[in-house]
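Chemist: The listed protein sequences derive, respectively, from chains W and B.
The first sequence begins at 140 in this note's numbering and counts up one residue at a time.
The second sequence begins at 140 in this note's numbering and counts up one residue at a time.
Beta carbons: idealized from backbone N, C-alpha and C, even for Gly.
Before anything else, here's the structure in question.
There are 2 protein chains.
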Amino acid sequence: MTETGTRVRETTESELDAILERAARAARPLAATSPGERAQLLRGVAETLDLAADDLVPLARSESHLPEPRLRGELARTTGQLRLFADVIEEGSWLGVCIDTADPHARPVPRPDLRRMLVPLGPVVVFAASNFPFAFSVAGGDTASALAAGCPVVLKAHPGHPELSLHTAEFVNAALLAHGAPVGTFDVVFGVATGVSAVQDPRVRAAAFTGSTAAGRALFDLAASRPDPIPFYGELGSLNPVFVTPGALSRRGPEIVREFVTSYTLGAGQFCTKPGLLFLPAEHGLSAVLAAAVAEIGAARLLNGRIVEGYEHAVQRLASRPGVHAVVPGEVTGGGPTPTLLRTTADQLLADPDPMLEECFGPASVLVEYTHPEQLRAAARAIGGNLTATIHSEPDEAEQVRPLLIDLRDRAGRVIWNGWPTGVAVSWAMHHGGPYPATTAPLHTSVGAHAIDRFLRPVCYQGMPESLLPEPLRDHNALNIPRRLNGVLTTNDVPA
Amino acid sequence: MTETGTRVRETTESELDAILERAARAARPLAATSPGERAQLLRGVAETLDLAADDLVPLARSESHLPEPRLRGELARTTGQLRLFADVIEEGSWLGVCIDTADPHARPVPRPDLRRMLVPLGPVVVFAASNFPFAFSVAGGDTASALAAGCPVVLKAHPGHPELSLHTAEFVNAALLAHGAPVGTFDVVFGVATGVSAVQDPRVRAAAFTGSTAAGRALFDLAASRPDPIPFYGELGSLNPVFVTPGALSRRGPEIVREFVTSYTLGAGQFCTKPGLLFLPAEHGLSAVLAAAVAEIGAARLLNGRIVEGYEHAVQRLASRPGVHAVVPGEVTGGGPTPTLLRTTADQLLADPDPMLEECFGPASVLVEYTHPEQLRAAARAIGGNLTATIHSEPDEAEQVRPLLIDLRDRAGRVIWNGWPTGVAVSWAMHHGGPYPATTAPLHTSVGAHAIDRFLRPVCYQGMPESLLPEPLRDHNALNIPRRLNGVLTTNDVPA
């Protein structure tokens, strides 16, 4: 029995070696393509995948148990991401061009002509996630941003959707080759041992991962302990706490808790931004509203058997703690689990944080009842690194919540006001990251335009003749991109 | 006997604890200062250090054995760095502001208002270097860039200049406090064990280091193996190879080798950018010119006894390899060693790379004679990650050297044409970094405006009311900084 449990078999060591060798050979010709040429590659992949929707969505449906409208929306988001990165690389700011012309009068020493830009790191291994079989998988954000940067991608498929991975990879590869990408620009591999080998291979220059804290940390440790450590961009666990103030409760209580139930059960609770903790003032009087809202959500099958097992274990562990009670216990049905909602107090959470501060992947969340606003700040500090943190509050409470807001700003990648963390817009301003354990690289995002920054490093050319400079650094700004010229952002040419 | 060997004693564990606690408490008020306020702090420190030159330079002279003009120049560079970062933070691009206004028509889902900016990571521990007692020490580039970012700094002093470190720290602290910095913004600590503790302390959020590969790697491993790994910006070893083409040799040979001798013996060869390998076409006929140039350089004392010991061992190890010969053997005198120049062939280097591809800290370098241009590319690949790589060539050889140039671009942080790597301009376009082992973080630089990026992480605010947004993210661009508004760089306000 293979890891994938299907006719898709695990990649052998010699196959991996050949794939990595092709990726290493592709690195230089891919890096040499212009941003415009790479934008065409990305748009070509997007178009091919849009046209393949009727082939891919049913496969995704059968392997992930996710509903068709969600999967069609996710595929649209995935091809939208590819097109966003095409726009991003044509805009040109990502190249980080700085030109300091020679200054013979500089003190303490004369300054030579210095021209800096970012260049691709080289082959990247991307570990696909289970929960977004399109958007965080074969042609997902990590792949799109690495290809946009000019890095070949070796995609370690998630065992939860092997056939979909194989087929998506075939479409990606066909589109890349049809649009002139070097052979080796992209490939897919299967198997745990394959991923472990890839992250340690000297030809691999960076890795990106979305998944569990345990697996992500193990791979991070391998990347860091190489003879030549490489950047490892892991998105691991997140609790995504939601804090509701007394003002918000009194004016919008029922609406807030109904939206909360929708948010935490979205995709059967299998979002990395699922709100796992809801802080409500004690005496909220909303238990019946909550129970009714949860009861309206039907059973939904989880992604795969391992996730079912992990989910049942985690819920069991939570529910059995002293001071933790079920608002809605949830049931295991033939069509998957119905949602679970647990209840505890802020004092209890702070006294026994361990199981409650671990991510529980699936349709369960914990209502935490608090009596003093200070408990919110103590909880925020106990919770630590998170992808998101949310406050529901009223405008006239702004000054009271400011200290909590700053506590959360120091611990989360995205801070949300009167909204919900599920649903991650793919745009310039999005940040999908956060301090450990949300990610292993707090400076970086795996969603949005800035995801490309992960796969680039600066190079400075000193005194280089115009004919040997890469086009973005030449005097004439032929690409018409923003450049910093002697400290000032401009699209002007370098004056003669 | 303490590590420092002077009356400056090692910091105790309880002193370190108190210092880290003050740094942790300073983090939030320091982060809350405006860029303009922090710019005034940095300029205040610069002014104070400039005025203290007559106190500090003699101390530096006695502890480092470096000549006074060099030390005065280095102090000027150091205060220039502080002033550059003041300008950088006032310019505002470093904040990375992106504002995507709400778009109810966005597909597949409506987009909320998203506003991203960078915020400081929190307390940073900086490990000072031995070789630049001002510019890479207490008030050096790491300190300046971390303070500019809004991070408190705990400076682990280098044992080579303890009195200077203590005094410089006193001036830095006096200036910071006089200009209103929170108590705990800066402090200095002493001792190997202190540094080891600091890098593992949960209150420390990042570390920066300049020094040997062995020490840097050990600290990197500690940072990566924490329960919550932190970014570790280590600048370790670099060989800084120089490649001379036949054309350059025939037109400028004597001039090039004389400049090479000046460069490799600068600061008694104790620069991280010291050219450690010079590739010359065999039959260069310049041995006499080289020997004469080396003979003109007098003895110079090295920084401290440990560096003397390491240097003598490394030279001995190199000189005793088969196929390695002395052009100038160097001597140990009471005033320190005179420079050593060794000679080998490219074939020998490729056959026995180990000792020759390790950095030798001090006034020694190796002349490598080659017979085919292909040997240069093979050597470039064998050498690996470097801070710099240099080509001396003539314009009519541009096309022939292009493949070598790309090999070097893929392995070095800075690629130099007809110049020398020593002397690192502090400017926007400088990149002082490179693939491992040049650094442990190839995306980052420790010199120049972009050094600030190491100490910042993004936060995205979603749907946040104007009154709770940090000033750089509000509709009115009061700071008049470049911001990306719905994908377009502008200084405009957000339209109502």
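1. Report the residue ranges of all alpha helix (DSSP H) runs contained in full by the region 526–609 of chain B; include only those spanning at least 4 residues, in chain order.
2. What is the rounded straight-line gap between the Cα of residue 187 of chain B and the Cα of residue 512 of chain B?
3. Around the C-beta of residue 261 of chain B, are 16 or more other C-beta atoms found within 10 angstroms, so that it is buried, or is it exposed?
4. Taking buried to mean at least 16 other C-beta atoms within 10 Å of its own C-beta, is residue 510 of chain W buried or exposed?
5. If you scan the region 324–411 of chain W from start to end, which runs of the beta strand (DSSP E) of 3 or more residues do you find wholly inside it?
6. Kindly indicate the opening and closing residues of the alpha helix (DSSP H) around residue 492 of chain B.
7. Determine the closest residue to residue 483 of chain B out of B:461, B:460, B:475 and B:507, with distance taken between C-alpha atoms.
8. Should residue 156 of chain W be flagged as near chain B, meaning a C-beta pair shorter than 9 Å?
9. Could I get the ranges of all uninterrupted alpha helix (DSSP H) runs contained in the region 242–326 of chain B, with 4 residues as the minimum, in chain order?
10. Determine contact between the region 489–497 of chain B and the region 451–465 of chain B, defined as no fewer than three beta-carbon pairs at a distance below 8 Å.
11. Could you check what DSSP says for residue 158 of chain W in three-state terms: helix, strand or coil?
12. Is residue 510 of chain W close to chain B? Criterion is C-beta to C-beta, closer than 9 Å.
13. In whole angstroms, give me the CA-to-CA distance for residue 567 of chain W and residue 252 of chain B.
14. Give a yes or no on whether the C-beta atoms belonging to residue 340 of chain W and residue 294 of chain W are separated by under 9 Å.
15. Please tell me whether residue 619 of chain B has its Cβ less than 9 Å away from any Cβ of chain W.
16. In the region 259–271 of chain B, which residues sit with their C-beta less than 8 Å from some C-beta in chain W, listed in chain order?
17. Tell me which residues share the same chain as residue 218 of chain B and place their Cβ nearer than 6 Å to its Cβ, disregarding the 5 neighbours each side in the sequence.
18. Of the choices B:386, B:212 and B:480, whose alpha-carbon is the least far from that of residue 432 of chain B?
19. Ignore the nearest five residues each way along the sequence and tell me which others in residue 571 of chain W's own chain have a CB closer than 6 Å to its CB.
20. Candidates B:152, B:404, B:474 and B:456: which alpha carbon is nearest residue 335 of chain B's?
21. What is the DSSP secondary structure of residue 476 of chain B, reduced to helix, strand or coil?
22. Check residue 240 of chain W in the structure and name its three-state DSSP category.
23. Shortest alpha-carbon distance to residue 265 of chain B belongs to which of B:284, B:626 and B:424?
24. Would residue 141 of chain W pass as an interface residue toward chain B - the criterion being a Cβ-Cβ separation below 9 Å?
25. Can you pull out the residues from the region 575–592 of chain B whose beta carbon lies closer than 9 Å to at least one beta carbon of chain W?
26. Determine the chain B residues that contact residue 554 of chain W at a beta-carbon separation under 8 Å, and present them in chain order.
27. My understanding is that residue 296 of chain W touches residue 329 of chain W, with C-beta atoms under 8 Å, so please give their C-beta distance in whole angstroms.
28. To which residues of the same chain is residue 210 of chain B closer than 8 Å at the C-beta, ignoring the five residues directly before and after it?
29. Distance cutoff 9 Å, beta carbons only. Does residue 239 of chain B sit that close to anything in chain W?
30. Cutting at 7 Å between CB atoms, please list the residues of its own chain near residue 565 of chain B, excluding the five before and the five after it.
31. How would you list, in chain order, the residues of chain W whose beta-carbon sits under 8 Å from the beta-carbon of residue 564 of chain B?
32. So, with DSSP's three-state summary, where would you put residue 420 of chain B?
33. Among all the DSSP beta bridges, which residues are the ones paired with residue 481 of chain W?
34. Name the one or two DSSP bridge partners that residue 471 of chain W has.
35. Cβ of residue 276 of chain W less than 9 Å from any chain B Cβ?
36. Quick one: is residue 359 of chain B near chain W, going by C-beta distance under 9 Å?
Modeler: Quick look at the numbers:
1. Assignment of alpha helix (DSSP H) within the region 526–609 of chain B, counting only whole runs of 4 or more residues, yields 537–548 in chain order.
2. Approximately 52 Å between the Cα atoms of the pair.
3. Buried.
4. Counting of Cβ neighbours within 10 angstroms places residue 510 of chain W among the exposed residues, the total staying below 16.
5. Complete beta strand (DSSP E) runs here, min 3: 325–328, 345–349, 371–374 and 380–383.
6. That run of the alpha helix (DSSP H) goes 492–495.
7. When only C-alpha atoms are compared, the closest one is B:507.
8. Output row for residue 156 of chain W: interface = no.
9. Runs of the alpha helix (DSSP H) inside the region 242–326 of chain B: 280–288 and 301–317.
10. Inter-segment contact for the region 489–497 of chain B and the region 451–465 of chain B is present: three or more beta-carbon pairs are separated by less than 8 Å.
11. Residue 158 of chain W falls in the helix class under three-state DSSP.
12. Not closer than 9 Å to any Cβ of chain B, the Cβ of residue 510 of chain W fails to qualify, so no.
13. C-alpha separation (whole angstroms): 12 Å.
14. Against a cut-off of 9 Å, the Cβ pair of residue 294 of chain W and residue 340 of chain W comes out as no contact.
15. Chain W contact via Cβ: absent.
16. Answer set for the region 259–271 of chain B: 260 and 261.
17. Cβ neighbours of residue 218 of chain B beyond the five flanking positions: 185, 188 and 189.
18. For the residues B:386, B:212 and B:480, the minimum Cα distance to residue 432 of chain B belongs to B:480.
19. Shown here for residue 571 of chain W: same chain residues with a beta carbon closer than 6 Å to its own, the five before and five after excluded, namely 563, 584, 585 and 586 in chain order.
20. That would be B:152, whose Cα lies nearest to the Cα of residue 335 of chain B.
21. In the three-state reduction of the DSSP assignment, residue 476 of chain B falls in the strand class.
22. Correct three-state label for residue 240 of chain W: coil.
23. Per the Cα distances, B:284.
24. With a pLDDT of 44 at residue 141 of chain W, under the threshold of 50, the modelled position of that residue is not reliable, and no figure is offered here.
25. For the region 575–592 of chain B, residues whose beta-carbon sits nearer than 9 Å to a beta-carbon of chain W comprise 575, 576, 579, 580, 581, 582, 583, 584, 587, 588, 589 and 592.
26. The contacting residues are 598, 599, 600, 601 and 603.
27. Yes, they are in contact, since the Cβ atoms of residue 296 of chain W and residue 329 of chain W sit about 5 Å apart, within 8 Å.
28. Within the same chain, 196, 199, 200, 203, 272 and 273 come within 8 Å of residue 210 of chain B by CB-CB distance, once the 5 residues on both sides are set aside.
29. Yes, contact with chain W.
30. Around residue 565 of chain B: 216, 219, 220, 223, 586 and 587.
31. Among the residues of chain W, those whose CB is under 8 Å from the CB of residue 564 of chain B are 239, 245, 248, 250, 251 and 253, following chain order.
32. In the structure shown, residue 420 of chain B sits in a strand (DSSP, three-state: E or B).
33. In DSSP, residue 481 of chain W forms a bridge with W:465 and W:505.
34. Paired residues: W:476.
35. Output row for residue 276 of chain W: interface = no.
36. Judged by the 9 Å Cβ criterion, residue 359 of chain B is in contact with chain W.
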